[in-house]
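K.L.:
Under this note's numbering, the first residue of the sequence shown is numbered 8, with each subsequent residue one higher. One structure, pasted below without further comment.
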Amino acid sequence: MFDARRIKPDAQRWRGGGSRSTPVGFGRIAAQYAKQALMQHIRRPKRQLIFYEFKDRVAIIISGTVRASTARM
């Protein structure tokens with residue numbers, strides 16, 4: 008809240024009653040698109056981190072094992 012008030016002095020603390028509010032017409036397909044968009048935003052920084060870690064190693068021979076993660080978020 009402290010940081011929010013630096014940006015917007017009249018910011019108020021949200022006091023949700025614990026109930027979830029789903030927008031009208033927000034069906035299964037819309038939920039899937041929302042989840043897909045969120046996951047894409049989460050994966051983007053991971054990919055950038057990997058790129059920056061290896062971008063300077065061009066033309067260097069590295070041996071290793073490639074493993075695919077089977078865990079899903």
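The C-beta atom is built at its ideal place from N, Cα and C for all residues, glycine as well.
1. Whole angstroms is fine: what's the gap from residue 19's alpha carbon to residue 13's?
2. Could you give the DSSP three-state label for residue 19: helix, strand or coil?
3. Which stretch, first to last residue, makes up the alpha helix (DSSP H) that contains residue 75?
P.N.:
Looking at the coordinates:
1. Going by C-alpha positions, residue 19 is about 12 angstroms away from residue 13.
2. Coil at residue 19, not helix or strand.
3. Where residue 75 is concerned, there is no enclosing alpha helix (DSSP H), given that its DSSP letter is neither H nor E.
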